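Chains as they are written, first to last, in our numbering: chain A, 1 to 941; chain B, 1 to 941.
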């Protein structure tokens, strides 16, 4: 049949049994043996020719047009009996034949649907009652009914034996192949198959009765605990069918037949109607599994079994057209398209089982599946099998235990190349294009115009702006926001505190909180890449410290000079934006990125641990204490014996009469205020030993780390439904913090807590919210400030852009594009604002940003059992960032709640963030990383 | 050639090139095309017939004697050209042919050796210098040279494509096959191959020169960093060769030829000498890898490559006889037996690489390897490939990414069944005999004679007695002993302490220590299964408690009554020994065992955690303390305000004048002794709050558990040499204890420590080391004691024997047999002794015994890369047990050291023991357990 011909008569359909070519019936009796040998040989040559010869000889022989020229083979028996040589040579390779078959125009009845394959087995012996038992099923990977029949195995890669694949092949060569059969019930199908069998072999009547009986036996599916009723609870499945989106499986007439009126054995059939109204017992259907079956899917039923009266196997491959919902046959109520039947003598059950598995597995193969839908004759199916064989991977017997179940891999290479002619097949190694390290693309091309890049950024991002809010409607965003709010609070406050110490309170916690919140809100609203989280960074702190010291030494106003520098920096950054300097980031190599990010992560981890160790100084423990002396231990406040001048001065200033003070009754803070001295056996260097706090902090720290890591990997746990698991995984860190806060509260040990300023006003009364850039400083400082500003600009540019590069990586599959110029502009503007207001500066924080992106990963949900969820991208939106910083601004009013959060828990969260970011950076994008699979040893039956 | 015929002329050897049948040369020119087609077809039919038909037709056709009747095929070209039908039918299956080949008698030259296979590749282009580069090697699993050529990949299961296997097959059909070639250098081999090629194809002279040049190119191996010399450093390898144990590869003449005198191109050759003297540069040999190659191994070199002047591939399969050490060809200096050469036009390198890998992989297949050694003609090799194909496991293309490297499995099923005729092949699922739960065997058969079982036990064990001491010479035993000493000490002392509390000091820690030591020593010296560790068990403690209460209530002497019961129990146990009652344990099913052991383990884990929780009561923490009030906190001893009568009485008895006591200066213990009261803000219910101890204990507990688990799995870490890793793993627990003791010492928090009695005398002065069984009790108590003794007997019998059953499991592969009767006898005797001496009773402790066995596991060391070390058995000896209990007896003198061991560390060890025993019990023997493999994504080239 030439390509493109639409001849409907060419379709091998059941309606025309008179045509010799229509039904392929392999010879089974001795009379037909020669034909059989013939078939076999031809089949084998086809297989052989399919193998591309490395010896170059094939090319000698094949100097015909290879193209799409597909020859229809002569099917007349014995026609090519004597001289098979040239006929054999006339064959194309199976691969080419398959490509031709797949290339044919689709008529409505041969459009490939998704397939659900089910393997049912029976063992029918004289005098014993038997029924078909579902033993395995396939959506993409194999699931077996485990011994005992009570549960499904984990999905696994169906490892077949080549032996049974060849057996299957010979089954198809010699069995009945009925394509496009029109039948409405399993009874009808059985009769038609047996009619065919009778035509070509010596099927006697008693055998026919027996086989028919076997085929009509009830089907027991794993999910049915017991067969509680013979007449299924009647419910029309039509409504369910109508909901299916696939137009081909929809009832075009919309006619609903009252189910009660249909006798099960004679379903009313409409032309072109694939999905029949039929009584379906939904109570028996595993609705959870049903959800995983794509809409419009059809069933392929593989029925293999032993029947004791048979002396030779009966094989049939049936394609129904239209697909028919055969009630009770399939586990789920979907119409059956394919039937493979193999019934043979008793004793070879294991062999039949393997053939059935092979059949089911090749039916799930993308390419064979299409071939099966479009095949016009037996040889098309054989070509499909041969093409499949040509693509399989082989495990040598001595190196592998076939009973080991292989867990499905994360990715399966695309099979599309098998459909394309000209692509050499059979190569085990595919050369995939390596994801390139550089960051090219339209975003980073120099425009050559002033603000050209910025304008493009805005043009690129503007259409996405509203979707940035719409897309945030997800529980995952809530989880991400809660987690990152907790994670961001602590560094902002700690940083503020440190800055406060360094600048004698000129810029402290409240300024830090206010600045972070303001900058963050503005950035989240208008930046090009709102997934980046701004934060305070170490270099900025160092810079501020040096600046403050400089100002103090030269008696300059720190805040004013700082405002100048900030404004200059902002200006310089805007210049960088104007000149499209951000396009330089395309020179940042993968290595730079990874080195930078790794360094930041390691510093992050180091800092988390360092903070914990720092607690040992703040909360000294009484080492080498003796429990027996506990009744003698105390640490009381006393009048210093030899007060120094400073202390004396203090007493004098505050009018303290030392003899009037009840020193022993003073609390620690009072004693410190009064410049008292601590004496006693329970006193450390700077005051009393603090019991329990340090160790409790250690426990909190490590428990937080372990718990959050564990909860994060909870997604791949084997318990609980997917939804619960993925939610737990999303909320992992928040749940951990919540749990730890409660435990800490219950234990009651006074561990250090998060201290949030509770009043919104500048820390020092001598400064307001607006700082003059000149102030008391000489005029030239305004100009001189450009020198430190240059340094600052470099610092901020690097910090901001490398982080942006990491966030905008190709692996993150961002759809809404990036905006380096816009990002930098926002940072610059807010830097200026912060400088004027005397607030700290904020730039992109690498670890927080990576954590943010990681917490917003989107994975495909509905997939076949065993298929790994695919990474779809990141939930790109502005809401999480916005909410984090809005809530941060409101934190001033939430001190009552926040004061319950122990700092060691937050340190534990930092450790977790550092470690998980480090893993994300170093391993996931690399190809050569080790991957772990757990395998399930296959149950032996 | 009929089976059993020894006709040496039938051997296809190189020496007789005149015979047509000797050298199979596939047709390559167009003239020979028909023959080629013929070959191909026949080859394919052979493959096909090899597939056992499930359709029963085969049996119709194969009603000949299937047996060993192997037909020699007619090799005359064109002889069967026209009528191939009957000739085709005359074939046996490849499997049968292979079995026949393997069954032939072995002449000296065809004895299969171990094989090392190396894949070398070349790409020779005009004007470019090239050399052969080693790209992969096989001992059992494939190792690839990774990109960059600097290191070897992890060994992995060679996943082949079926496509390249078929290509390989056609290579063998059409290529030159030279079996038993006699050649001494690669030059000679090249010439012989090229002669053959010229005979049968149009190999022109320039091509011949080019190919010869390619074949003689230098070989570069991965381990050679650079080729630093052209003439290798000369060293005779004869000495190394002589050391090899295999007689076939030994130089029988012992003649050493001075290496300097041999020109590399014309090595002197002796008949029958496999291992040639030749200059071998040992500096280039990877000696570490060389160690892994079995002695007597031969090399198989697979050489594939592209040569630009070729227009068609040249294929040759060569078997050398004798094997020749071809200097520089193979990575390691072993003689080459097989050579597979595939040189083809440029551009198909990847394809050739895959064919080479396929060849190398089938050469490592146990069966094909034997076939290759014994093959007499080309068809034998083809049958070998077909048989191999028939056994392979197939992974469907759509479900597996062939570039994933599969890590070698723990076990590979035996391939022996492939050698045996009659065993149906091709079944993926092998029904392996499940390890039976019951414990049958000669040990547990009832003899019917008095002490018959005991006598047999002694007879069985006596020959092993001295080896029980010799076999203990191993570092592993030291590790095991140190670990278990620490593990045993704590429960013995804890148990003693509890018993002391329960019996008012009549039996306490020192008695427990003494009893355990004595019983343990005796048991270790004379028991049937010295791997069992005796210990104190919960039920015994309960029994003693009840007995003591009973005695107190009825004013009986506890120790005397106990002695009676003990003696009765001992007697009853001896009766059980005499009547071979231990043979009843064969009725203990796997389920009972596992249930019992699991229960014991769970109790063990529970107790470990419970003890930790118990610390919270002993060391209360000050919950909700305020750090600011630390200066006000104290807990002082004071005079009780309202002393109760008991206190008043105490003061009166001890002549304490309450007003004279400096209550505030009393330590905790003094205060408690004086019946003082604790008052103050730092006081708990029973005394002062103990700071830090509880949390520090928690940290010690969990750190110990985590650290020991981590160190135990250190064996499979990727760093450090195997020896170091296995030592760390062996000493895991001891290292952990040691580390934790040091940390605890450095921190100095007064955590609870192991308290060992320091003086060897009975706890109470009113008892000695010998207890009279009657004592002050009435005479009838001696007889009445038989009733509790019955209960005790059941308790001890069950405890002892179930543990023994678990230890003597088949999976432990014990070689020295068990001795249930002897075990019980020893327990009974020591029970009697302990009763008389007033010491606690000891029986087999399940968890300790399992831990002991696990710590003595023996694994095979030298195995092919990638092969999992095999579990060989247990280091069965008496020394560890003996040493544990000897040292336990000496512990009284080691209190100075032992007092540094914190109890929480020991609790952590218990947790570890419980968890690891539980895992060992529940999972390892089960087939369906999940196993983890890590896979390495195959590098793309």
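Every residue gets a Cβ at the ideal spot worked out from N, C-alpha and C, and that includes glycine.
Treat the numbers as computed from the prediction; the structure is a model and nothing was measured.
Item	Value
Quick check on residue 598 (chain A): does DSSP put it in helix, strand or coil?	helix
Along the chain, where does the beta strand (DSSP E) that runs through residue 120 (chain A) open and close?	115-124
Is the beta carbon of residue 574 (chain B) within less than 8 Å of some heavy atom of the ligand ZN?	What this structure holds is no ligand at all, so the ligand ZN is not there to describe.
Which two residues bound the contiguous alpha helix (DSSP H) that contains residue 824 (chain A)?	820-837
Write down every uninterrupted run of the alpha helix (DSSP H) in the region 658-693 of chain B whose length is 4 residues or greater and which is fully enclosed by it, in chain order.	668-673
Taking only the alpha-carbon atoms, compute the straight-line gap between residue 183 (chain B) and residue 328 (chain B) and give it to the nearest angstrom.	16 Å
Whether or not the region 827-845 of chain B and the region 512-523 of chain B are in contact is what I'm after, with contact meaning three or more pairs of Cβ atoms, one per stretch, closer than 8 Å; do they touch?	yes
Quick one: is residue 151 (chain B) near chain A, going by C-beta distance under 9 Å?	no
Kindly say whether residue 950 (chain A), judged by its beta-carbon, lies nearer than 9 Å to any beta-carbon of chain B.	Here chain A comprises residues numbered 1 to 941, so residue 950 (chain A) is not present and cannot be evaluated.
Between which two residues does the beta strand (DSSP E) holding residue 181 (chain A) run?	176-181
Using a C-beta cutoff of 9 Å, does residue 294 (chain A) count as contacting chain B?	no
So which of B:347, B:871, B:867 has the shortest CA-CA distance to residue 398 (chain A)?	B:867
Of all the residues that make up the region 379-402 of chain A, which are near chain B by a beta-carbon distance shorter than 9 Å?	388, 389, 390, 391, 392, 393, 394, 395, 396, 397, 398, 399, 400, 401, 402
Using a C-beta cutoff of 9 Å, does residue 193 (chain A) count as contacting chain B?	no
Helix, strand or coil: which one does DSSP assign to residue 873 (chain B)?	strand
What are the complete alpha helix (DSSP H) segments, minimum 4 residues, inside the region 283-329 of chain B?	287-292
Near residue 540 (chain A), what residues of its chain come up, given a Cβ to Cβ distance below 6 Å and the 5 sequence neighbours on each side ignored?	841
By Cβ distance, which residues of its chain are closer than 7 Å to residue 455 (chain A), with the 5 residues on each side in sequence left out?	none
Please name the residues in the region 199-214 of chain A whose beta-carbon is closer than 8 Å to at least one beta-carbon of chain B, in chain order.	none
Alpha carbons only, please: which of A:171, A:573, A:915, A:770 is nearest the one belonging to residue 341 (chain A)?	A:171
Between the C-alpha atoms of residue 73 (chain B) and residue 713 (chain B), what's the straight-line distance to the nearest angstrom?	Low confidence applies to residue 73 (chain B): its pLDDT is 40, below 50, so where it sits in the model is not reliable, and the reading given next is rough at best. Computed Cα separation, rounded: 57 Å.
Give a yes or no on whether 9 Å exceeds the smallest Cβ distance from residue 972 (chain A) to chain B.	Beyond the ends of chain A as shown, which are 1 and 941, falls residue 972 (chain A); an answer cannot be given.
Give the straight-line distance between the Cα atoms of residue 601 (chain A) and residue 595 (chain A), rounded to the nearest whole angstrom.	10 Å
Out of B:186, B:337, B:99, which has the shortest C-alpha to C-alpha gap to residue 321 (chain B)?	B:337
For residue 575 (chain A), count neighbouring C-beta atoms within 10 Å of its own C-beta (all shown protein chains included) and say buried if the count is 16 or more, exposed if not.	exposed
Check distances from the C-beta atoms of the region 613-627 of chain B to those of chain A and list, in chain order, the residues that come in under 9 Å.	619, 621, 622, 623, 624, 625, 626, 627
Using CA atoms only, rank isn't needed, just tell me which of A:406, A:900, A:915 is closest to residue 742 (chain A).	A:900
I'd like to check one pair, residue 620 (chain B) with residue 680 (chain B): are the Cβ atoms closer than 9 Å?	no
Below 7 Å on C-beta distance, what does residue 747 (chain A) contact in chain B?	623
Spatial neighbours of residue 552 (chain A) within its chain, please: C-beta separation below 8 Å, excluding the five flanking residues on both sides.	558
Does any residue of chain B have a CB that is nearer than 9 Å to the CB of residue 633 (chain A)?	yes
Check the Cβ-Cβ distances between residue 699 (chain A) and every residue of chain B, and say whether any is below 9 Å.	yes
Using DSSP with H/G/I as helix, E/B as strand and the rest coil, what is residue 530 (chain B)?	coil
State buried or exposed for residue 386 (chain A), treating a residue as buried only when at least 16 other CB atoms are found within 10 Å of its CB.	buried
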